[in-house]
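Notes follow the structure.
In the numbering used here, the protein residues as written are -19 to 127.
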């Protein structure tokens, strides 16, 4: 690899990191748009922390689209590679066709609203009809003052 290629890859990497950082800042601002350090921001942060704790304790296998849009901001975890079943307590499969969220550690068989994604925890198989419409997301609760 020559010097020009290293420079190009470094520039590309910085652009990717900046884009991802901007997405995270936007999502977190959407979840708690109060000015940082204000009593409202602190109250929202505490409520969000409690919601995250509750989400880890008892995660719903399916979150309908209206509830997902109203109560949660989603952050991308990683791209889906292959059909492997990933079970992480705070990760959800997001069907962009219908905006449904399916818990990656579902206890019972679950489907998205449009039927594009289904999870069978007994066989540890996730079925995705159109892979281009499914992403893996981490949920961030919206502050209670803004829902």
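The C-beta atom is built at its ideal place from N, Cα and C for all residues, glycine as well. These numbers come from a predicted model, not from an experiment.
Task: Secondary structure of residue 69, DSSP reduced to three states - done: Three-state DSSP puts residue 69 in coil, outside helix and strand.
Task: Residue interval of the alpha helix (DSSP H) (run including residue 106) - done: Boundaries around residue 106 are those of the beta strand (DSSP E), 105 to 108, since no alpha helix (DSSP H) includes it.
Open item on the list: Using only CA atoms, which one of 49, 92, 44 and 42 lies nearest to residue 123?
Closed with: Just measuring C-alpha positions, the residue of 49, 92, 44 and 42 sitting nearest residue 123 is 49.
Task: Proximity below 8 Å, CB of residue 116 to CB of residue 57 - done: Yes.
TODO: Check the C-beta distance from residue 92 over to residue 82 and give it rounded, since I have them as a contact under 8 Å.
DONE: The pair is a contact, with the Cβ atoms about 6 Å apart (cut-off 8 Å).
Task: Outcome for residue 11 when other beta-carbon atoms lying within 10 angstroms are tallied against a minimum of 16 - done: Counting the other Cβ atoms within 10 Å of the Cβ of residue 11 gives 16 or more, which makes it buried.
Open item on the list: When you compare the CB of residue 4 with every CB in chain C, is at least one pair closer than 8 Å?
Closed with: This model lacks chain C altogether, as it is built from one protein chain only.
- [ ] Taking residue 40 as part of the alpha helix (DSSP H), name the residues at either end of that continuous run.
- [x] Element bounds for residue 40: n/a, residue is neither H nor E.
TODO: Return the CA-CA distance between residue 52 and residue -3, expressed in angstroms with no decimal places.
DONE: When rounded, the distance between both Cα atoms is 23 Å.
Open item on the list: Excluding the 5 residues flanking residue 4 on each side, which residues of the same chain have their C-beta closer than 8 Å to its C-beta?
Closed with: If we look at residue 4 and ignore the five residues flanking it on each side, its Cβ neighbours are 55.
Task: Where residue -4 sits in the DSSP three-state scheme - done: Secondary structure of residue -4 (DSSP, three-state): helix.
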